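Asker: In UniProt numbering, the protein residues as written are 1 to 772.
Ideal placement from N, C-alpha and C gives every residue a C-beta, glycine not left out.
Computed from a predicted model, the values in this text were never measured in an experiment.
Below is the structure I would like to discuss, written out as C-alpha cells.
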Amino acid sequence: MATYLNRTLSMVTGNGNASMYETAALIDPNARTLQNNATDVSPLQIFVRAKKKINDIFVEINDYVVETTGFIEELPAATEIVDKAEAEQFKSYVLKVRGIREVLARDNMKVAFFGRTSNGKSSVINAMLRDKILPSGIGHTTNCFCQVEGIDGQEAYLVKEGSDEKLNVTSVKQLANALCQEKLCESSLVRIYWPRERCSLLRDDVVFVDSPGVDVSPNLDDWIDNHCLNADVFVLVLNAESTMTLAEKSFFHEVSTRLSKPNIFVLNNRWDASASEPEFQESVKAQHQERCIDFLVKELKVASPKEAEERVFFVSARETLQARLKEQEGLPPIAGALADGFQNRYFEFQDFERKFEECISKSAVRTKFEQHSSRGKNIASDMRMMLDSIYERANVLRNQKLEQKKRLTDRIANTETSLMQVTREMKMKIHTMVEEVEQKVAKALNEEIWRLNVLVDEFNLPFHTDPLVLNVYKKEINAHVENGLGSNLRARLSTALAMNVETAQREMTGRMTALLPSEKMSAQQHQVVVRTQPFEMLYTLNCQNLCADFQEDLEFRFSWGIRALIARFNGKIRAGNRKAITHHRQNSNMNMSQVLSPTSPMCLMPENELITNEQLSVISKVAIASIGSQGTLGLVVAGLMLKTIGWRVIVGAGVIYGSVYLYERLSWTNTAKERNFKNQYVEHATRKLKLIVDLTSANCSHQVQQELSSTFARLCRVVDTASTEMNEELKQIESSLGVIETNQKQIKLLKNKANYIMNELEIFDSNYIKAN
C-alpha cells in the first residue's frame, strides 16, 4: 500500500519524497486533520495522566495511612481493642506506602534497545530524540549502557554509575565510546539527563536505554538483572543487510524466560540499502519479516501472528535522523534522504513510533501501575478489615460498658432507696431499744434501792462515833454502796444489754452490708464495722456526792417518850389520810367539789404534814413541863390520877416505864449506834438514789443509743464511701463510653475513607488498566 501511495504521489507531483500524511493529504484533504490530531494527541499522555492520577491517589493513601496509624497509636491502652501486632501492622503500612510513592515518583516508560554491534541502536534512539545525543559510528561504538531521561530545566548533564558528579553531556561521546581510553564495564550505566522541552518523548516520561552489542559480552544475565527487569518495551535492532544472529536470539530467549511475555519490537535498520537492489527488495523484506514473525510467535511465544506482523518494521535510522535535523533547520525532511523510497522508510519509522508509543503507554500503565494499584487496594482492604475488627471489639467493649453502667446505675438507685428504708427501720429500732433499756435500768435500780438495807448490812468496817473515824466510815460506806449497786446492776443487766446491743449491731451490719457490692466490702471495712471489744454499760451513781449532805443523829431517843409517841401517832394519821386520798381519787363517782371542800378531812391540814416536827417539839415540852410542874394544875392532875387509877398502878407503871427506859439506855451501845446509823443512811441514800433513777436510766439508754448510733453512723459512712466509689466508677464508665463512641465514629470515618480509596483505585483500573 505504501509503495502504491508513493508511486501515486510520484505520478501526481513528480516528487517521491513526501511523508505518509503529506501523501494521504494529496488524496484526501481530511488527512491533514488526521496528521494534526496525531501530532497533538500522543498515546503517551495516557501514561502521564495515569501516573499523575495514581500519584494523587497515593498521596491520599499516604495521608490516610498516617492518619489511621496516628489514631491507632493515640488509642488508650486501657481499651484493649488494638493489640500490639495490629499497631505494628498499621505502622508497616506507612513505610510501604512511602516506598510505593518513591517508586511511583521514579516510574517512567522504559524502552531498552538491544542488538548486535553496529546495527544502529544509538542511531535509532537519536532519531527518536531528534538529536545526536548518543555516540554512533562505524564498528563497535557503545561500550556501556546509556540511559537517556528527561529533566526540568535547560542544561543537560550526565552522571556515571556510583557517582553524583554532574558531567558535561558532551562527555558521553568519550565515556560511552568503545574507542575511548577510559574503559567502562559493559554492564555499567551512564545516565544522561536531557531537557524535556527538546523532546516530546522525554516530556512524556519515556526513558531510553542503549546497550552494547549482545555479541561483545557473555554477561547477559547481569544485563537482564540490572537493566531489563523493569523495561516496558524491548526494541531489537537488526541489520537489514544480514539476518538475525544466534546471539540476538539467545539474549531474547533469556529475556522471555525472566519476564512474562515481554513487548518486543523488531527494527530492520539500514533498509535504505535495499534501494540499490530494487528487484530483490520485496523478496528480501518478505524473508526478513517471515523470520522475525516466526521468532516472535514460534520461538519466543510472546505475540500472536497478527500482533507480530504489526511489530516488525523496515527503517533507516540514520536517514530519519538527518531528515529531522533538516526539519529543525527549516528544510523539508526530504533533504535528509539517502536513497530512493525515503518516504516509505520515513513513514515506516513514524508508524513504528506511533505503535511504539501506544504499546509502551499501555504496557507501562499496566506494568508500572497495576501492581501499585493492587497493592494500594490490598492496603486499603487490609486496613478496613482491621478497622472492622477493631470496631467490633470496640462495640463489644461499648456494650459491656453500657451493661456495667446499667447495673451500676440500678445498684446506686437501689442502694439509695434501701438506705433510706434501712435508716428509718434502724432509727425506730434504736428508739425502741433505748426505751426498753431505760425501763429495765429504772426497774432494776429501783429494786436495788429497795434492797439497799441488805447491801448496807453487808458493810463490815468497824464503827466508831469519833468524828474523824465517822467521816472515813461514811466515805467507805458510800463507796461500798456505789460499787455494790454497780455490781448488782451489771450482774442483772450488762450481759443481756450487751447481747441485745451486739445483736442489734449484727443486724445493722447485715442490713447495711447487704447494700454493698461484694467486691466493695473489704477487710478494712469489716474492721470499721465490727468492734474489737464488747459493749459494756457504765452505771454512774456517784454516791459520794449524793450522800455528802448526810447528817447522822446518834443521840439516845427513848422509844416510849412523848416525842416518840406523838411522832408515832402522827405517822398513823398521815398513813390514814394517804389511804383516804387514794381511795377518793380512785372513786370515779365522787364529786371533785366534795373532795376539795374546805370541810373535807383531807383539807384539815397538809397531806404530808399533819403535825410538823416543830409542833411536836412544842407539844412535848409543854407536856413535860406540865407533869413536872409544882403548880396547882400539876397537883390537880396528880390527884385525879391517884384517885382514879390508884397509886399502886401509877407506881407500877412508872417502875415498868423506868425499866424500859433503863433497858433501852443500857442497850444504846456502839452496835446499836451503828445499826441506827445504817438505818438513817439507808433512809437517806434511798431518798437520794430515787432522785437519780430517771437520770441514771436515761444515761444508760443514752449509752446504748450512742453505741448503736455510732455503729450505724460508721456503717452509713461505709455505704456512703461505697456509693461515692460507685459514682466515681460510673463517671469513669461514662467517660470510657464517650471515648469509645468517639473512637467508633472515627473508625467509621476511616473505614469510609478506605472504601473511597478502593473506589478511586477501581476507577483508575477501569480507566487506565482494564481499558488498555
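Assess, as a yes-or-no matter, whether the stretch 376-396 is touched by the stretch 48-61 under the definition of 3 or more beta carbon pairs within less than 8 angstroms.
Answerer: In short, these stretches touch, since the Cβ pair count reaches three.
Asker: At what residue ranges does the stretch 177-257 contain a whole run of the beta strand (DSSP E), taking only runs of 3 or more?
Answerer: Within the stretch 177-257, the complete beta strand (DSSP E) runs of at least 3 residues are 189-195, 206-210 and 233-239.
Asker: Does W223 pass the burial test, meaning 16 or more other C-beta atoms within 10 Å, or should it be called exposed?
Answerer: Residue numbering aside, residue 223 sits at position 223 when the sequence shown is read from its first letter. W223 is buried by the Cβ-count criterion.
Asker: Grouping DSSP H, G and I as helix and E and B as strand, with all else coil, what is E458?
Answerer: Working through the sequence shown from its first residue, we reach residue 458 at position 458. Note: E458 maps to coil in three-state DSSP.
Asker: According to DSSP, simplified to helix, strand and coil, what is A337?
Answerer: Counted from its first residue, the sequence shown places residue 337 at position 337. It is coil, neither helix nor strand.
Asker: Where do the ends of the beta strand (DSSP E) carrying A112 lie?
Answerer: Position 112 of the sequence shown, counting from 1, holds the residue named residue 112. Looking at the DSSP string, the run of the beta strand (DSSP E) that includes A112 is M109 to F114.
Asker: Out of L691, P534, R407 and V469, state which residue places its alpha-carbon closest to the alpha-carbon of C547.
Answerer: Your numbering for residue 547 matches position 547 in the sequence shown. For C547, the nearest C-alpha among the options comes from L691.
Asker: Kindly indicate the opening and closing residues of the beta strand (DSSP E) around G70.
Answerer: On the sequence shown, position 70 is the one that residue 70 refers to. Looking at the DSSP string, G70 is not in any beta strand (DSSP E); the run it does join, the alpha helix (DSSP H), is L44 to E74.
Asker: Does the stretch 102-119 come close enough to the stretch 418-437 to have 3 or more Cβ pairs within less than 8 angstroms?
Answerer: Contact fails: fewer than three Cβ-Cβ distances are below 8 angstroms.
Asker: Quick check on E536: does DSSP put it in helix, strand or coil?
Answerer: Taking the sequence shown and counting its residues from 1, the one referred to as residue 536 is at position 536. In the structure shown, E536 sits in coil (DSSP, three-state: anything other than H, G, I, E or B).
Asker: Between L267 and V148, is the Cβ-Cβ spacing less than 9 angstroms?
Answerer: For this step, residue 267 is matched to residue 267 along the sequence shown. For this step, residue 148 is matched to residue 148 along the sequence shown. Not closer than 9 angstroms, so no.
Asker: Can you find at least 3 beta carbon pairs, one from the stretch 72-88 and one from the stretch 384-391, that sit closer than 8 angstroms?
Answerer: Yes, the stretch 72-88 is in contact with the stretch 384-391.
Asker: Expressed to the nearest angstrom, what Euclidean distance is found between the alpha-carbon atoms of K678 and R648?
Answerer: Translated into the one-based positions of the sequence shown, residue 678 becomes position 678. Translated into the one-based positions of the sequence shown, residue 648 becomes position 648. About 41 angstroms.
Asker: Can the beta-carbon of A127 be found closer than 9 angstroms to that of F356?
Answerer: Here residue 127 refers to the residue found at position 127 of the sequence shown. Here residue 356 refers to the residue found at position 356 of the sequence shown. No, Cβ-Cβ distance for A127 and F356 is not below 9 angstroms.
Asker: Whole angstroms is fine: what's the gap from R411's alpha carbon to F90's?
Answerer: Position 411 of the sequence shown, counting from 1, holds the residue named residue 411. Position 90 of the sequence shown, counting from 1, holds the residue named residue 90. Using only the alpha carbons, I get a separation of about 41 angstroms.
Asker: Do R49 and Y768 come within 9 angstroms of each other at the CB atom, strictly closer than that value?
Answerer: Locating residue 768 in the sequence shown gives position 768, where the first residue counts as 1. Locating residue 49 in the sequence shown gives position 49, where the first residue counts as 1. Going by C-beta atoms, Y768 is nearer than 9 angstroms to R49.
Asker: Grab the span of the alpha helix (DSSP H) containing N446 for me, first residue to last.
Answerer: What you label residue 446 is simply residue 446 of the sequence shown in a count that begins at 1. Per DSSP, N446 belongs to the alpha helix (DSSP H) from Q371 to W450.
Asker: For N453, which residues in the same chain have their Cβ closer than 8 angstroms to its Cβ, ignoring the five residues on either side in sequence?
Answerer: By 1-based counting over the sequence shown, the position of residue 453 is 453. Contacts found: K678, N679 and V682.
Asker: Does the pairing of the stretch 407-421 with the stretch 714-732 give three or more beta-carbon distances under 8 angstroms?
Answerer: The stretch 407-421, when compared against the stretch 714-732, does touch it at the 8 angstroms Cβ threshold.
Asker: According to DSSP, simplified to helix, strand and coil, what is V315?
Answerer: For this step, residue 315 is matched to residue 315 along the sequence shown. The answer is coil: DSSP assigns V315 none of H, G, I, E or B.
Asker: Counting only the same chain and skipping the five closest in sequence on each side, list residues whose C-beta sits under 7 angstroms from that of I346.
Answerer: The residue labelled residue 346 in the question sits at position 346 within the sequence shown. Sequence check: residue 346 is Tyr here, not Ile. So the list reads S19, T320, A323 and P333, once near-sequence residues are dropped.
Asker: Could you check if residue 783 is buried or exposed, using at least 16 other CB atoms within 10 Å of its CB as the buried criterion?
Answerer: Past the edges of the chain, shown from 1 to 772, lies residue 783, and the structure says nothing about it.
Asker: If you follow the beta strand (DSSP E) that G150 is part of, which residue opens it and which one closes it?
Answerer: Counting from one through the sequence shown, the residue named residue 150 turns up at place 150. Unbroken beta strand (DSSP E) run through G150: F145 to I151.
Asker: Give me the Cα-Cα distance between D694 and A442, rounded to the nearest whole angstrom.
Answerer: Along the sequence shown, read from residue 1 onward, the residue named residue 694 stands at position 694. Along the sequence shown, read from residue 1 onward, the residue named residue 442 stands at position 442. About 7 angstroms.
Asker: Please give me, in chain order, every unbroken run of the beta strand (DSSP E) with length at least 3 that falls completely inside the stretch 256-333.
Answerer: As far as the stretch 256-333 is concerned, its whole beta strand (DSSP E) runs of at least 3 residues are 263-269 and 312-314.
Asker: Report the rounded CA-to-CA distance for E760 versus K753, giving the unit in angstroms.
Answerer: In the sequence shown, counting from the first residue as 1, residue 760 sits at position 760. In the sequence shown, counting from the first residue as 1, residue 753 sits at position 753. Cα to Cα, the separation comes out at about 10 angstroms.
Asker: Is it the case that the Cβ atoms of F295 and F252 are separated by a distance below 9 angstroms?
Answerer: Locating residue 295 in the sequence shown gives position 295, counting from the first residue. Locating residue 252 in the sequence shown gives position 252, counting from the first residue. Yes. Within cutoff.
Asker: Does the Cβ of W450 have 16 or more other Cβ atoms within 10 Å, making it buried, or fewer, making it exposed?
Answerer: For this step, residue 450 is matched to residue 450 along the sequence shown. Exposed, by the Cβ-count rule.
Asker: I'd like to confirm the pairing. Which residues does DSSP put opposite N168 in its beta bridges?
Answerer: Along the sequence shown, one-based indexing puts residue 168 at 168. Per DSSP, Y157.
Asker: With a 10 Å radius around its C-beta and 16 neighbouring C-beta atoms as the bar for buried, classify M508 as buried or exposed.
Answerer: Taking the first residue of the sequence shown as position 1, residue 508 is located at position 508. It counts as buried.
Asker: Does A548 come out as helix, strand or coil in the three-state DSSP assignment?
Answerer: Reading the sequence shown from its first residue, position 548 is the one you call residue 548. Of the three classes helix, strand and coil, the one that applies to A548 here is coil, per DSSP.
Asker: Is DSSP giving V469 helix, strand or coil here?
Answerer: Taking the sequence shown and counting its residues from 1, the one referred to as residue 469 is at position 469. DSSP places V469 in helix when its eight states are reduced to three.
Asker: Since E155 contacts S188 with CB under 8 angstroms, what's their CB separation in whole angstroms?
Answerer: On the sequence shown, residue 155 is found 155 positions in, with the first residue counted as 1. On the sequence shown, residue 188 is found 188 positions in, with the first residue counted as 1. That pair is no contact at about 24 angstroms.
Asker: What would DSSP say about D694, mapped onto helix, strand or coil?
Answerer: Start at 1 with the first residue of the sequence shown, and residue 694 comes out as number 694. Of the three classes helix, strand and coil, the one that applies to D694 here is helix, per DSSP.
Asker: Please tell me whether Q404 and I733 are closer than 9 angstroms, where the distance is taken between their beta carbons.
Answerer: Taking the sequence shown and counting its residues from 1, the one referred to as residue 404 is at position 404. Taking the sequence shown and counting its residues from 1, the one referred to as residue 733 is at position 733. Yes, Cβ-Cβ distance for Q404 and I733 is below 9 angstroms.
Asker: Looking at the structure shown, is S659 part of a helix, part of a strand, or coil, going by DSSP?
Answerer: Numbered from 1 along the sequence shown, position 659 holds the residue referred to as residue 659. Correct three-state label for S659: helix.
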